[in-house]
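One structure is given below, encoded as structure tokens.
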Amino acid sequence: MIEQIDLSLVNWARATFALTAMYHWIFVPLTLGLSFLCAFFESIYVRTGNEEWKKLTKFWMTLFGINFAIGVATGIILEFEFGTNWSNYSWMVGDIFGAPLAIEGIFAFFIEATFFAVMFFGWDRVTKKMHLFSTWMVAVGSNLSALWILVANGWMQSPIGMKFNPDTARFEMQDLWSVISSRVAISHFTHATSSGFLLASLFVVAVSCWFLLKNRHSLFAKRSIAVACVFGLLSSLFVAFTGDEHAFITARTQPMKLAAMEALWEGKEPTGLIAVGLVNPDKKPGDEQDPFEFSIEIPGMLTLLAHRRFEGVVPGINDLTFGNEKLQIEGVAEKIRRGRVAVASLGDYKAARKSGDAVAAERSLKIFNQNQDYLGYGYLDSVEQAVPSVPITFYAFRTMVSLGTLFILMFLVFLYLSAKNKLEDYPLILKFGVLSVFLGYVASQAGWVVTEVGRQPWAIQGMLPVTVARSNLDSGTVAVTFFLFLFLFTALLIAEIKIMAKQISLGPEGGKS
Amino acid sequence: MFNKAFHLYYDGFRSMALGRTLWKLVLIKLFIMFAILKTFFFPDFLATNFSTDAERADYVLQNLTRIESDSNR
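These protein sequence lines map, in sequence, to chains A and B. Take 125 as the starting number for the first sequence in the working numbering and just add one per residue. Take 45 as the starting number for the second sequence in the working numbering and just add one per residue.
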């Protein structure tokens, strides 16, 4: 069946979505984190009454405004793509996504229309406390606004609180609260937003280090670094904590993703975590090839990550693909068999309804209900198709974790030097500080690569593969839109960098916002 | 109160400097997104090709089940 689907269409649609999402995620994390940093800076100003802190707050607020203006509405393109490239998916999840996205829209509108205006226009028009309250509301609101889209994404990774309606072909919401409060959704939200805080802290450090290297606005830069490093250190520790929680949940909801993250082919007890490794890209499920060209393993660590104790097996890709009786794991072949029963009975139900045969319809529906949890597997052609790209997931995970660890060390070093007032004595460290924001973006994007590549082939985990989620379009049309977006987003990025660079070079004394 | 709120926005917009450039950019971007991309490149596939929800549901169900019969299962 997979051969009959135009794979180039699916891949172009995937590439377009990935491109759009990755560009969108350049702007979003900076908004999430910088909004809080502005609130911290302004809180210090209100508390001390020192006009230098006001100037400092206004400078970072201007950069926040630039990033917000360039990034605003870039996410809407993702929604365009749902309707055009992923129409089957879009139709099926409309009922689930409608509520969170509508709440996000309303929320964002009210916050932007009221508190943004006070934050940017109200400096000399409202009281200090009212202005500070508005800045905090922008920070809290922007982050809460991100909650809803991350709830939707969390649902795709672990669909709960819904029921598939075979008459309308839609997943219908049964329990909104369980969708919002699912551990996957909460873990996505906390991990993604805190990574935004980390990235924004790196941004403030990078710009401030640049000022110090240029010997400009030294006091301003040092003050900014001190606040950003405290926030960055706390955020990076929280990112590590939520990442651990994320892995623990992934072990339960998406064990194949965890196995791919670790290039773990055979489960063993206890299972080690690969600290450094070079994966064999040719390895396939069930073959006898070595999984690694080279690797260094920390014994028992993966078991600890997945079970929070040193006993227990973490299933490998082969266990999950071919099944493992001892571990009571159902293999993909059996899931495919039941999935095909679900697909066939759905077809029979539809035909019986059309012909008005109520008895046959009821019989088919009963069979469908017994097998509907395997629906997505019915569209797979072979067990291997249930395995995501191991090298991409493995390397992206290592990139994210190693950079995350590096940032913790970096913030500690910067805090120490900041406390000793010796930052300017170490120009190499300052240069690394400038570079760190780019590394932050690499880590942040790598995190999303793990999340999204690691869950392939699913658009909705276990229920709908991407090959069925797509629209019946000409792949050439989708390819054209890919390059259109590449052009548009690159232009926006260049605009952001140019405006931002100009504003930074003007410094805290420069220009009206 | 209403007067104060009105002047907050009115004076705020009037006194913008960098904000003017940013607003122009936002408007150009929204124009490209909605007037060009949405209209010419991103029509809603189901809304364009079908006029009722029942037809759309039928089409999606057909996709969900046709794949099965295509592969002769």
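A virtual CB, placed ideally from N, CA and C, is assigned to each residue, including glycine.
- At the C-beta level, Val507/A and Val590/A stay beyond 7 Å of one another.
- Counting C-beta atoms within 10 angstroms of its own C-beta, Gln496/A has 16 or more neighbours from the protein chains shown and is therefore classed as buried.
- Listed along chain B, no residue sits closer than 9 Å to Asn404/A by beta-carbon distance, the nearest being about 31 Å off.
- Scanning the segment 145-202 of chain A from its first residue to its last, the whole alpha helix (DSSP H) runs of 4-plus residues come out as 175-195.
- A straight line joining the alpha-carbon of Asn135/A with that of Thr427/A spans about 35 Å.
- Along the segment 74-95 of chain B, going in chain order, the ones with a CB nearer than 8 Å to a CB of chain A are Leu74, Ile76, Met77, Leu81, Lys82, Phe85, Phe86, Pro87, Asp88, Phe89, Leu90, Ala91.
- Exposed is the label assigned to Ser59/B, since fewer than 16 other Cβ atoms lie within 10 Å of its Cβ.
- Only residues of its own chain outside the window of five on either side were considered, and among them none has a CB closer than 8 Å to the CB of Lys626/A.
- If you check the CB distance, Leu187/A and Phe165/A do not come in under 7 Å.
- Excluding five sequence positions before and after Asp406/A, the CB atoms of its chain that fall closer than 8 Å to its own CB belong to Gln413, given in chain order.
- Residues of the segment 591-607 of chain A with a C-beta atom less than 9 Å from some C-beta of chain B are Thr591, Val592, Ser595, Asn596, Leu597, Thr601, Val604, Thr605, listed in chain order.
- Among the CB atoms of chain A, one or more fall inside 7 Å of the CB of Asn107/B.
- By the Cβ test, the segment 145-160 of chain A is in contact with the segment 196-209 of chain A, since at least three Cβ pairs between them sit closer than 8 Å.
- Boundaries of the alpha helix (DSSP H) harbouring Glu620/A: 599-630, taken from the DSSP string.
- For Thr208/A, a Cβ of chain B is located within less than 7 Å of the residue's own Cβ.
- Taking the C-beta atoms as reference points, Phe518/A is found nearer than 7 Å to Ala387/A.
- Of all residues in the segment 168-200 of chain A, the ones placed with a Cβ closer than 9 Å to any Cβ belonging to chain B are Thr186, Gly189, Ile190, Phe192, Ala193, Ile194, Val196, Ala197, Thr198, Ile200, in chain order.
- In this structure, the straight-line span from the alpha carbon of Trp210/A to that of Asn493/A is close to 25 Å.
- Relative to Leu90/B, the option among Ser258/A, Leu588/A, Trp389/A, Ala593/A whose CA is nearest is Ala593/A.
- Between the alpha carbons of Leu156/A and Asn267/A lies a distance of about 6 Å.
- Cβ proximity to chain B below 9 Å picks out Ser214, Trp215, Met216 from the segment 214-234 of chain A.
- Where Ala232/A is concerned, the enclosing alpha helix (DSSP H) starts and stops at 211-235.
- Put simply, the backbone Cα of Asp88/B is about 37 Å away from that of Tyr54/B.
- Assignment of beta-bridge partners to Arg477/A by DSSP yields no partner.
- His51/B is classed as exposed because its beta carbon has fewer than 16 other beta carbons within 10 Å across all chains shown.
- For Ala399/A, same chain residues with a beta-carbon under 6 Å away, outside a window of 5 residues either side, are Ile420, Ile422 in chain order.
- Interface criterion not met: the Cβ of Arg487/A is under 7 Å from no Cβ in chain B.
- Below the 7 Å Cβ cutoff, chain A contributes Trp215 as neighbours of Arg100/B, in chain order.
- Cβ-Cβ distances below 7 Å link Asn442/A to Trp389, Glu390, Pro409, Gly410 in the same chain, with the five nearest sequence neighbours on each side left out; the list follows chain order.
- Residue environment for Asp472/A: buried (at least 16 other C-beta atoms within 10 angstroms of its C-beta).
- Not flagged as an interface residue toward chain A: Leu71/B, since no C-beta distance is shorter than 7 Å.
- Sequence-distant Cβ neighbours of Ser258/A in its own chain, meaning closer than 6 Å and more than five residues away, are Phe239, Val242, Met243.
- Interface annotation for the segment 130-142 of chain A against chain B: empty, criterion Cβ-Cβ distance under 9 Å.
- Within its own chain, the residues whose Cβ lies closer than 8 Å to the Cβ of Trp215/A, once the five positions on either side in sequence are excluded, are Ala293, Arg294, listed in chain order.
- Around the beta-carbon of Leu559/A, fewer than 16 other beta-carbon atoms lie within 10 Å, marking it exposed.
- Check the Cα spacing between Tyr565/A and each of Ala345/A, His312/A, Ser319/A, Val537/A: the tightest is with Ser319/A.
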